[in-house]
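Visitor: Structure provided below as structure tokens; questions to follow.
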Amino acid sequence: EQEESLTVAVQEPEEDQDKDSLVVYYEYDSTQIRPDQQAQVAQVKNQVKKWLDDGMKVVFKGHSCKWHGTADYNVALSKQRASSLAQVCIADADEQGVKTFGVGNEELIAFENSIDGQAPNRRVEVYALAA
2 EQEESLTVAV QEPEEDQDKD SLVVYYEYDS TQIRPDQQAQ VAQVKNQVKK WLDDGMKVVF
62 KGHSCKWHGT ADYNVALSKQ RASSLAQVCI ADADEQGVKT FGVGNEELIA FENSIDGQAP
122 NRRVEVYALA A
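Sequential numbering from 2 applies to the sequence shown in the numbering used here.
Dropping the structure here:
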């Protein structure tokens with residue numbers, strides 16, 4: 002498998018763009034989507050299809066928590082989460098206009114130092130970008 006170098010410039014969403022992002026949450030130390038997220042996955046899948054049909058680019062940005070693991074481990078886990086969600090949402094996840102990447106635990110949104118307290122960090126954010 003050939004390793005592809007990908008540089009993605011991510012801008013922080015402006016307030017009115019928040020409606021164009023969706024989030025799916027994951028089990029601890031896993032690429033398994035939490036069971037309570039099935040309705041959210043269906044919503045993401047429908048929205049991604051609309052975005053692609055409208056000619057937009059779709060970004061799957063994976064995250065992990067800080068509970069354990071090295072930086073490299075967490076980046077790999079977060080990338081796997083992003084890729085697996087893309088595969089669930091899109092028949093051809095290698096389609097042009099679809100980007101997946103992981104940032105590990107570099108962008109935490111929850112800071113409580115427990116497995117449950119870190120749960121919001123185990124996520125994939127899905128964004129639409131103008132093509």
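We treat Cβ as the ideally placed atom computed from N, Cα and C, and that holds for glycine.
By DSSP, does Lys-137 sit in helix, in strand, or in coil?
Guide: Any answer about residue 137 is impossible in this case: the structure gives the chain only from 2 up to 132.
Visitor: Give me, in chain order, the residues of the same chain whose beta-carbon lies closer than 6 Å to that of Asp-54; leave out the 5 immediate sequence neighbours on both sides.
Guide: none
Visitor: Does the Cβ of Ile-1 have 16 or more other Cβ atoms within 10 Å, making it buried, or fewer, making it exposed?
Guide: The question about residue 1 has no answer, for the chain in this structure spans 2 to 132.
Visitor: In its own chain, which residues sit with a C-beta less than 6 Å from the C-beta of Gln-81, not counting the 5 before and 5 after it?
Guide: Thr-32
Visitor: Have a look at Val-45 and Asn-106 and give me their C-alpha separation to the nearest angstrom.
Guide: Near 22 Å, if we compare the C-alpha coordinates of Asn-106 and Val-45.
Visitor: Closer than 7 Å by C-beta to Gly-56: which residues in its own chain qualify, once you throw out the five before and the five after it? Chain order, please.
Guide: Ala-132
Visitor: State whether the region 111-118 contacts the region 70-78, with contact taken as three or more CB pairs (one from each stretch) at a distance under 8 Å.
Guide: By the Cβ test, the region 111-118 is not in contact with the region 70-78, since fewer than three Cβ pairs between them sit closer than 8 Å.
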